[in-house]
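Q: Below is one structure. I have some questions about it.
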Amino acid sequence: MRLESPASLVPGIVLSASETTFALLGLLLGLLIAGAVSASIARRRLAAAQSAGRSEREPELARAASELQSAAAQSSDLRARLSGLESEYRQVREGREAAEARIAGLEARLQEQQQAAEQRYRDLEGARERLKAEFKALAADILEDKSKRFGEANVLQIGQLLNPLREQIDGFRKVVSDSYEKENNSRVALQSKLEDLVKLNQTLGQEAQTLSRALSGDNRSQGYWGELKLERLLETAALEKGRDYLTQESFKDGDGDRYRPDAVLLLPEDKSIVIDAKMVLVDYQRACEATDETEREQHFARHGVALRNHVKQLGEKDYSRLEGLTSPELVLMFVPVEAAFLEALRRDPQLYAYAFDRKIILVGPSNLLASLKLVAQIWRTEHQNANAKAISDRAGKLYDKFAGFAEDMLKVGEAIKRAETAHQAAVEKLSTGRGSLLRQTEMLRKLGVAPSKRLPAALQDLSEPDEGDTDASPDAG
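Heads up: the sequence shown begins at 405 in the numbering used here, then just goes up one per residue.
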């Protein structure tokens, strides 16, 4: 639920908090000058009346005195309003400067994360290219050396060996590409959220004033709105309900008492942070509506005391004793209205330390949103680290598989060499020397054996006896 400021309801008129404050300051300054002029005129009339006759100037003298008293009262009231508006303007300006500082810090952190992510991607890409180049060089050497000896069957076997390796390389390439794309999308999303944060801080002053007027109902309605505001900030920070945070979950302590925190923020390593929204607006709203400066200061003082009492009550709950909550080391006390939060801290500078001593951190909408975005980035980094580990494991397995493949290829080469040596020895026994098998069988044919087939022509030349070879004659032996 979002409440619009009165200025934004008029088409074509959109004023920031600072512009509205300057306009009101100008108006009150004009009224103050008008009051001073009226007082001056009244004094002149009074002087003129005193110079006339006693009996004739008494009515005019009374009227001039009344006008002078009215002008003085109006001037005092205008000065009080001017002082209040100057105080509100300082608060808005301080809130805007704090938001700008937080934005600058987030932008610097984003730049560092982008550079680290790009460096990781370059390292992975370089490792993949080196591995690919080494594989190509080794495969080219092996294929160039053995391609002349491999037949169609050997080529098919090599293809069967290489296909699993090619599939693993393609899978590795896809994992690296998907990881880079996800990281790039995360950077774009973070940039978009930073722009949303800037817009949120620009409208924060007007929205806070509007909400302080609108939430004048009962405590239950105010509490419901505070919980709604908290959940909207969780969604704005790109956190997923049920995975990154829980809302309105019931927990029991050791005594069996039940507690229902507004939200539980889940962190890596089974850590968690409880967020409790507190609507402290009654005295703050009365202070904003008060016309008397003393009354306003009294309401602001009561507002600070009320917030301190809420801190004390929250610290007494001791969420660390709840079953099912893992290490709730800190509790965030969320004040949904930024202006009320800043006013309480201004009135009670020790309030923040008082809360921290009880393991409670006071937060308003702007610094809570920045903290939630930081938690979202922590989760993204956690997922990216898990992906990087998976990629590293897969690369290690791929390297081991490739090393085994290279060893097998070397064994295949050695086996081919042994086969060639054995083949050469068999050929020599078949065709070389005076007692070769070819010559012996050919001599049998010449001795009268009548075979049904002749040796191939290439082998017949090898079977012919050399000149002077007496073993080839029929009488030999």
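For glycine and all other residues, C-beta sits at the position ideal for the given N, C-alpha and C.
1. When you compare the region 629-639 with the region 581-599, are there three or more beta-carbon pairs, one atom per stretch, that lie closer than 8 angstroms?
2. For residue 478, which of 705, 807, 440 has the nearest alpha-carbon?
3. Let me check understanding here. Comparing Cα to Cα, which of 777, 727, 728, 718 lies closest to residue 761?
4. If contact is defined by three or more beta carbon pairs under 8 angstroms, each pair taking one atom from either stretch, is the region 709-729 in contact with the region 682-689?
5. What residue from 720, 706, 715, 823 has the CA that sits closest to residue 759's CA?
6. Does the region 574-584 come into contact with the region 785-799, if we say contact requires no fewer than three beta-carbon pairs (one atom in each stretch) closer than 8 angstroms?
7. Determine the burial state of residue 482: buried for a count of at least 16 other Cβ atoms within 10 Å of its Cβ, exposed for fewer.
8. Measure how close the beta-carbons of residue 726 and residue 676 come, nearest whole angstrom, since I'm counting them as under 8 angstroms.
9. Could you give the DSSP three-state label for residue 680: helix, strand or coil?
10. Taking only the alpha-carbon atoms, compute the straight-line gap between residue 756 and residue 765 and give it to the nearest angstrom.
11. Taking its Cβ as the centre, do 16 or more other Cβ atoms sit within 10 Å of residue 891, making it buried, or is it exposed?
12. Take residue 602 as the anchor and find which of 829, 574, 735, 769 has the nearest alpha-carbon.
13. Does the region 484-491 come close enough to the region 693-707 to have 3 or more Cβ pairs within less than 8 angstroms?
14. Thinking C-beta only, is residue 447 closer than 9 angstroms to residue 472?
15. Take residue 511 as the anchor and find which of 809, 433, 774, 806 has the nearest alpha-carbon.
16. From which residue to which residue does the alpha helix (DSSP H) around residue 670 run?
17. Cα separation between residue 861 and residue 813?
18. Per DSSP, residue 651 is paired with what?
19. Taking 8 angstroms as the cut-off, does the region 741-749 touch the region 635-652 (at least 3 CB pairs, one atom from each stretch)?
20. Is DSSP giving residue 762 helix, strand or coil here?
21. Kindly give me the distance between the Cβ atoms of residue 721 and residue 663, rounded to whole angstroms, as I take these residues to be in contact under 8 angstroms.
22. Since residue 834 and residue 842 should fall inside the 8 angstroms C-beta cutoff, what is the C-beta to C-beta distance between them, to a whole number of angstroms?
23. What does the alpha-carbon distance come out to for the pair residue 836 and residue 828?
24. Would you list the residues sitting across from residue 656 in a DSSP beta bridge?
25. Report all residues from its chain with a CB closer than 8 angstroms to the CB of residue 498; omit the five preceding and five following residues, and keep chain order.
26. For residue 383, which of 857, 818, 801, 808 has the nearest alpha-carbon?
27. Residues in the same chain with beta-carbon distance under 8 angstroms from residue 703, minus the five sequence neighbours each way, listed in chain order, please.
28. At what residue ranges does the region 766-843 contain a whole run of the alpha helix (DSSP H), taking only runs of 4 or more?
29. Output the distance between the C-alpha atoms of residue 850 and residue 811, rounded to the nearest integer angstrom.
30. Which residues bound the alpha helix (DSSP H) around residue 900?
31. Distance, Cα to Cα, residue 655 vs residue 678?
32. Just to confirm, are residue 735 and residue 643 a CB contact at a threshold of 9 angstroms?
33. Would residue 680 pass as a contact of residue 640 if the rule is Cβ separation under 9 angstroms?
34. Below 9 angstroms between beta carbons: does that hold for residue 799 and residue 537?
A: The relevant details are as follows:
1. Segments in contact, no.
2. If we check each option's Cα against that of residue 478, 440 comes out closest.
3. That would be 718, whose Cα lies nearest to the Cα of residue 761.
4. Yes: the two stretches touch, three or more of their Cβ pairs being nearer than 8 angstroms.
5. Each of 720, 706, 715, 823 was checked against the Cα of residue 759, and the nearest Cα belongs to 715.
6. Flag = yes, the region 574-584 and the region 785-799 touch.
7. Counting every other CB atom within 10 Å of its CB across the protein chains shown gives residue 482 a total of 16 or more, marking it as buried.
8. With a beta-carbon spacing of about 10 angstroms, residue 726 and residue 676 fall beyond the 8 angstroms limit used to define contacts.
9. Looking at residue 680 - three-state DSSP - the assignment turns out to be strand.
10. Rounded to the nearest whole angstrom, the C-alpha separation of residue 756 and residue 765 is 7 angstroms.
11. Outside the displayed span of the chain (405 to 881) sits residue 891, for which this structure offers no information.
12. Ranking the options by Cα distance to residue 602, first place goes to 769.
13. Touching, per the Cβ criterion.
14. Contact: yes.
15. It is 774.
16. Looking at the DSSP string, residue 670 is not in any alpha helix (DSSP H); the run it does join, the beta strand (DSSP E), is 667-671.
17. Distance from the CA of residue 861 to the CA of residue 813, rounded to the nearest whole angstrom, comes to 38 angstroms.
18. Residue 651 pairs with 667.
19. As far as the Cβ criterion goes, the region 635-652 does not touch the region 741-749, which means the pair count is below three.
20. Three-state DSSP puts residue 762 in coil, outside helix and strand.
21. 7 angstroms between Cβ atoms; contact.
22. The beta-carbon distance between residue 834 and residue 842, rounded to whole angstroms, is 6 angstroms. This is short enough to meet the 8 angstroms contact definition.
23. Distance between the alpha carbons of residue 836 and residue 828: 11 angstroms.
24. Note: residue 656 sits in a beta bridge opposite 662.
25. Only 746 meet the Cβ criterion.
26. This structure cannot speak to residue 383, because the chain is shown only from 405 to 881.
27. Cβ within range, chain order: 687, 688, 690, 691, 694.
28. Within the region 766-843, the complete alpha helix (DSSP H) runs of at least 4 residues are 769-835.
29. Inter-residue distance for residue 850 and residue 811 is about 52 angstroms (C-alpha atoms, whole angstroms).
30. Residue 900 is absent from the structure shown; the chain starts at 405 and stops at 881.
31. So the two alpha carbons sit approximately 12 angstroms from each other.
32. Contact flag unset, no.
33. Cβ distance not < 9 angstroms, so residue 680 and residue 640 don't count as in contact.
34. With contacts defined as CB atoms closer than 9 angstroms, residue 799 and residue 537 fail to qualify as a contacting pair.
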